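Below is one structure, written out as structure tokens, with a few remarks after it.
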Ligand code: MRU
């Protein structure tokens with residue numbers, strides 16, 4: 001993605017200094033602040049506190065975090081303990097678990113003294129693959145838009161939820177990749193961005209669309225159904241944190257409601273996700289662990305105060321009982337298609353195995 005015309009990735013790796021720089025997403029959209037991650041604990045904290053977030057970016061950060069952890073000691077014990085700590089940070093996005101399993105399977109057979117350098121190489125490969133796969137998702141999605149534009153004959157109005165853009169990946173994004181591809185190809189596109197309470201990741205989406213020059217409008221989550229019913233939405237596209245083997249999709253809480261409204265209004269509902277988000281070992285969406293986050297994410301509202309300083313405002317008493325599930329599961333039958341780096345398939349076991357026949361057991 002471009003920031004002020006300069007192509008930028010969300011992660012900067014510095015293997016010689018054994019650290020990475022990340023964009024601290026808790027400071028956005030008010031400040032673009034790069035933070036240094038130089039220890040295992042800092043990597044785990046960055047993921048847990050959502051300084052980095054979004055399934056593919058969490059995976060890449062965890063891979064680098066493991067590489068960072070092995071600088072002075074790379075014994076079996078250190079490898080296992082570091083991977084366990086990183087794995088414990090967030091449960092739903094399978095990319096985290098996928099990336100750590102991949103790192104361990106590469107590193108485990110090596111002699112400890114060879115592991116540190118190999119870990120950096122593998123983390124870099126994971127990051128580079130993420131960029132390539134998301135770019136491919138963009139091109140596959142672009143074909144879908146072109147068909148919709150021919151049918152509609154006007155600017156394409158696409159709705160998205162949460163942030164499944166550049167910020168949620170190493171580059172391009174998943175759900176936003178086809179939108180960037182369309183915009184860059186001169187296809188007229190406008191994005192309805194839902195706020196995504198309580199963490200407001202929609203503000204991140206608006207921020208990155210703004211920096212890339214894509215027309216967009218922020219809406220409160222509850223406005224989505226009305227806009228669909230008024231005929232002002234041509235398609236909905238979201239990312240995913242885990243796609244089960246049967247095509248059920250876990251994504252940011254509120255996704256399911258959008259899928260229901262889209263179905264009721266005959267609007268195609270697409271999910272964009274790379275291979276690292278598909279969990280063939282998880283048979284059914286009901287088996288996906290749903291992260292329950294701290295209730296203060298709901299009780300407090302974050303923004304800038306009158307002096308332009310980051311500030312939190314209490315909207316609920318500390319003792320107020322709240323539930324804060326971070327994700328929900330949309331059944332595959334509500335999903336028109338899953339867009340992966342290999343193409344578009346139905347959200348079903350047959351559809352996924354059609355694209356990934358090597359996963360058939
Ligand atoms: O809790 P978050 O902000 O990490 O959740 C992110 C999402 O739900 C995204 O939609 C998903 O990870 C897809 S990212 C390309």
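In my numbering, the protein residues as written are 1 to 361. Beta carbons: idealized from backbone N, C-alpha and C, even for Gly. Quantities reported herein were computed from a predicted structural model and do not represent experimental measurements.
Own chain partners of residue i with C-beta closer than 6 Å, once the 5 adjacent residues on each side are dropped
i, result
"residue 74", "112, 115, 116"
"residue 347", "247, 332, 335, 338"
"residue 194", "161, 202, 219, 221, 224"
"residue 163", "201, 204, 205"
"residue 256", "328, 330"
"residue 149", "156"
Host beta strand (DSSP E) of residue i (start-end)
i, result
"residue 251", "249 to 252"
"residue 36", "34 to 37"
"residue 26", "Per DSSP, residue 26 belongs to no beta strand (DSSP E) and is neither H nor E."
"residue 177", "Segment 177 to 184 is the alpha helix (DSSP H) holding residue 177; no beta strand (DSSP E) there."
"residue 155", "First-last for residue 155: undefined, no H or E at that position."
"residue 52", "Taken as a continuous stretch (DSSP letters only), residue 52 belongs to no beta strand (DSSP E), as it is neither H nor E."
"residue 269", "269 to 272"
"residue 302", "300 to 304"
"residue 212", "Not the beta strand (DSSP E): residue 212 falls in the alpha helix (DSSP H), residues 201 to 212."
"residue 314", "310 to 314"
"residue 340", "337 to 340"
"residue 235", "235 to 238"
"residue 217", "216 to 219"
"residue 243", "242 to 244"
"residue 344", "343 to 345"
C-beta contact flag for residue i and residue j at 9 Å
i, j, result
"residue 209", "residue 182", "no"
"residue 299", "residue 315", "yes"
"residue 236", "residue 179", "no"
"residue 295", "residue 259", "no"
"residue 191", "residue 159", "yes"
"residue 240", "residue 291", "no"
"residue 29", "residue 313", "no"
"residue 62", "residue 87", "yes"
"residue 107", "residue 79", "yes"
"residue 352", "residue 358", "no"
"residue 276", "residue 133", "yes"
"residue 285", "residue 238", "no"
"residue 135", "residue 97", "no"
"residue 274", "residue 184", "no"
"residue 46", "residue 35", "yes"
"residue 144", "residue 344", "yes"
"residue 31", "residue 310", "yes"
Residue span of the alpha helix (DSSP H) that contains residue i, given as start and end
i, result
"residue 327", "Careful: residue 327 lies outside any alpha helix (DSSP H), inside the beta strand (DSSP E) at 327 to 330."
"residue 229", "224 to 229"
"residue 189", "Per DSSP, residue 189 belongs to no alpha helix (DSSP H); it is in the beta strand (DSSP E), 189 to 194."
"residue 351", "349 to 355"
"residue 107", "94 to 107"
"residue 11", "Counting along the chain, residue 11 falls outside any alpha helix (DSSP H), though it belongs to the beta strand (DSSP E) covering 11 to 14."
"residue 90", "It is not in any alpha helix (DSSP H) - residue 90 carries neither H nor E in the DSSP assignment."
"residue 261", "255 to 264"
Cβ-based neighbour list, residue i, same chain, cut-off 7 Å, excluding 5 preceding and 5 following
i, result
"residue 40", "65, 68, 69, 82, 85"
"residue 20", "11, 12, 13, 14, 37, 64"
"residue 349", "245, 246, 247"
"residue 152", "234"
"residue 188", "155, 156"
"residue 253", "325, 326, 327, 328"
Top-ranked residue by Cα proximity to residue i, from the options
i, options, result
"residue 8", "236, 167, 266", "167"
"residue 251", "118, 265, 231, 272", "272"
"residue 270", "302, 303, 233", "233"
"residue 124", "78, 93, 59, 187", "59"
"residue 197", "51, 297, 306", "297"
"residue 170", "2, 351, 357, 358", "2"
"residue 4", "31, 274, 164, 211", "211"
"residue 54", "76, 92, 42", "92"
"residue 280", "137, 354, 257", "354"
"residue 226", "71, 341, 265, 188", "265"
"residue 122", "109, 102, 144, 137", "102"
"residue 77", "361, 104, 44", "104"
"residue 18", "119, 268, 31", "119"
"residue 174", "6, 356, 341, 361", "341"
"residue 165", "146, 186, 147, 207", "207"
"residue 99", "278, 217, 72, 186", "278"
"residue 317", "147, 301, 217", "301"
Proximal residues to residue i (C-beta, below 8 Å), its chain only, five neighbours per side dropped
i, result
"residue 33", "23, 24, 27"
"residue 48", "89, 90"
"residue 282", "94, 242, 244, 245, 288"
"residue 50", "25, 26, 199"
"residue 110", "118"
Residue i beta carbon near the ligand ZN (any heavy atom closer than 8 Å)
i, result
"residue 149", "As far as ligands go, the structure on display features the ligand MRU and does not contain the ligand ZN."
Cβ of residue i within 9 Å of any chain B Cβ
i, result
"residue 167", "Although the question refers to chain B, the structure presented lacks it and comprises just one protein chain."
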